[in-house]
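*Asks:* With the first letter of the sequence shown counted as 1, position 229 gets the number 236 in this note's numbering; the numbers rise by one all the way through. Starting off with a structure, shown below.
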Amino acid sequence: MQLNKSLYTIVLSFLILFFGCQQKENKQTSQKENQEQNIGSVKSEVLHAKTFKLEYKDNLKLLHFINPFNDGQETFVLLPKGNSLPDQYKGHQVISIPVKNVITTTTAQTSMMEELGSIDAIRGYVDKTYMYSQDIIDRMEEGRIISVGYDMEGNAEKVILSDADLVMVVGSSSTSSNSFPVIQKAGIPILANTDWQESDLLGRAEWIKVFGALLNKEAEANALFESITKQYNEYKHLATQAKSSPKVISGLPYKGLWSVPGGASYLAKAFHDVHVDYPWFDNDQKGSLQFDLEGVYAKGKDAKYWINVGMINSLEELKGVDKRYAEFDAFTNGGIYNNNNKMNKAANDYWGTGILHPEIILADLIKIFHPELLPDHELYFFQKIN
């Protein structure tokens, strides 16, 4: 057992040394053979997102990430393949662009790459069990996209051998893995994605511009986001014509605690955009508020609507979890809707395509709360719980 562990360590060390040297040699050769590549004239301007910024200067791109957990900032240098790195940018993580082999870890990341026509650049994903896109599932079954696991523990060798030029992980206050230093030492940058920390739906969708910058597809990303924003704002304006503002609550208790969206959260802002009454609008938290069932009952018992009830698919199932749920008005009046209409065995496309297409989410919410405003719209991400 000890011998196998030692052998694994030797092999992994060799791979790190080999790929690190190979990357350096390839870069030097490319610099000799090619002229400096231009980053192009199309640029992306960040309009809604708060957790990243883009700069275009010195014939490269600077991708700044604002850490929402400690207000720190990390800068990645997006350097055209073959170009030399200016001295003033040494010390930052460098990503050679356009990226060609990306390891992704969320369905939102893969959805954005798919929509930019770059599915061929997806080299790895967590596990096919947690994927909604059938195209990605097929490619994983064919071996064209590898499975790396959530934190890549024990899979550093696989990632290095995959010829990946970027690993994208989920950014959090405790983003870490024993595999990350090994992967980075092999010359593969790791980018922590914090789209889920954006406090409004359009801010989350605007992360498409990060992928546009990485793939040299700013024109496509800009056009897509502009179209999404235009449709979102049209639905938002339509909602102002609503004749009422019904009360709505969201979520379901877990281990005795009910997490409700804070008044400054992305969902509360969506509620504001569709003109409903939300009991916690006066709260300024971007994250969730914790209550017991009685605390939510006191403010939300009379809510006409109740959405996002976890994995629940029927009223009987909901009542079976806790019979007190049947005392809510939304239960007795048939006003419960869940965001699991696009779900397979374990993956919910609300968290994939839905991140990029908030205009569809807004249309669904208008259909639920103000059906007279969108009589022909069919619910896409949401479904009624009967």
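C-beta atoms are modelled at their ideal positions from N, C-alpha and C, and glycine is treated no differently.
Are the beta-carbon atoms of residue 137 and residue 154 separated by less than 8 Å?
*Replies:* It is not a contact, given that the beta carbons lie outside the stated cut-off.
*Asks:* In three-state DSSP terms, what is residue 82?
*Replies:* Note: residue 82 maps to strand in three-state DSSP.
*Asks:* Buried or exposed: where does residue 241 fall if 16 or more other Cβ atoms within 10 Å of its Cβ makes it buried?
*Replies:* By the neighbour-count rule (16 or more Cβ atoms within 10 Å), residue 241 is not buried but exposed.
*Asks:* Would residue 213 be called buried (16 or more neighbouring beta carbons within 10 Å of its own) or exposed?
*Replies:* Under this definition residue 213 is a buried residue.
*Asks:* Let's test the definition: count the other Cβ atoms within 10 Å of the Cβ of residue 239 and tell me whether it reaches 16, buried, or not, exposed.
*Replies:* Buried is the call here.
*Asks:* I need the DSSP call for residue 383, collapsed to helix, strand or coil.
*Replies:* Of the three classes helix, strand and coil, the one that applies to residue 383 here is coil, per DSSP.
*Asks:* In three-state DSSP terms, what is residue 204?
*Replies:* Helix, per DSSP.
*Asks:* Among 67, 366, 93 and 353, which residue has its Cα nearest to the Cα of residue 232?
*Replies:* The residue with the shortest Cα to Cα distance from residue 232 is 366.
*Asks:* Let me confirm a value: residue 318 is counted as buried when at least 16 other C-beta atoms fall within 10 Å, else exposed. Which label applies?
*Replies:* Its Cβ having fewer than 16 others within 10 Å, residue 318 is exposed.
*Asks:* On the criterion of 16 or more Cβ atoms from any shown chain inside 10 Å, does residue 98 qualify as buried, or is it exposed?
*Replies:* Exposed, because fewer than 16 other Cβ atoms sit within 10 Å of the Cβ of residue 98.
*Asks:* Give, in chain order, every unbroken run of the alpha helix (DSSP H) that is at least 4 residues long and sits entirely within the stretch 309 to 355.
*Replies:* For the stretch 309 to 355, whole alpha helix (DSSP H) runs of length 4 or above, ordered along the chain, are 322 to 328 and 336 to 339.
*Asks:* Do you know whose CA, among 104, 100 and 287, lies nearest residue 225's CA?
*Replies:* The shortest C-alpha separation from residue 225 is found at 104.
*Asks:* Compute the beta-carbon to beta-carbon distance between residue 368 and residue 344, rounded to the nearest angstrom, for a pair I have assumed lies under 8 Å.
*Replies:* Not confirmed; about 12 Å, so no contact.
*Asks:* Need the endpoints of the beta strand (DSSP E) that residue 62 sits in, please.
*Replies:* 59 to 64 is the span of the beta strand (DSSP E), which, as asked, contains residue 62.
*Asks:* Taking 8 Å as the threshold (C-beta atoms), are residue 204 and residue 58 in contact?
*Replies:* In this structure, residue 204 lies closer than 8 Å to residue 58 by Cβ.
*Asks:* Per DSSP, residue 131 is paired with what?
*Replies:* In DSSP, residue 131 forms a bridge with 110 and 153.
*Asks:* Got a sec, what are the start and stop residues for the beta strand (DSSP E) residue 100 sits in?
*Replies:* Its beta strand (DSSP E) spans residues 100 to 104.
*Asks:* Quick one: what does DSSP say residue 138 is sitting in, helix, strand or coil?
*Replies:* Residue state, collapsed to three classes: coil.
*Asks:* By DSSP, does residue 87 sit in helix, in strand, or in coil?
*Replies:* In the structure shown, residue 87 sits in a strand (DSSP, three-state: E or B).
*Asks:* Give every residue of the same chain whose Cβ lies closer than 7 Å to the Cβ of residue 222, excluding the five residues on either side of it in the sequence, and list them in chain order.
*Replies:* Once the five neighbours on either side are set aside, the close Cβ partners of residue 222 are 105, 106, 123, 125 and 128.
*Asks:* Bridge partners of residue 199, per DSSP?
*Replies:* For residue 199, which the question treats as bridged, DSSP gives the partners 176.
*Asks:* Based on the DSSP secondary-structure assignment, which residues constitute the bridge partners of residue 391?
*Replies:* In DSSP, residue 391 forms a bridge with 344.
*Asks:* Nearest-angstrom Cα distance between residue 148 and residue 193?
*Replies:* Rounded to whole angstroms, residue 148 to residue 193 spans 27 Å at the Cα level.
*Asks:* Classify residue 76 as buried or exposed, calling it buried when 16 or more other Cβ atoms lie within 10 Å of its own Cβ.
*Replies:* Counting Cβ neighbours within 10 Å, residue 76 comes out exposed, since fewer than 16 surround it.
*Asks:* Residue 17 to residue 166, Cα distance in whole Å?
*Replies:* Here the model assigns residue 17 a pLDDT of 45, short of 50, so the residue's position is not dependable, and the following value carries that caveat. Spanning the two alpha carbons is a distance of roughly 17 Å.
*Asks:* Using C-beta distances below 8 Å, list every residue in its chain close to residue 321, excluding the 5 sequence neighbours before and after it, in chain order.
*Replies:* So the qualifying residues of the chain are 392 and 393.
*Asks:* Which residues does DSSP list as the beta-bridge partners of residue 242?
*Replies:* Per DSSP, none; premise fails for residue 242.
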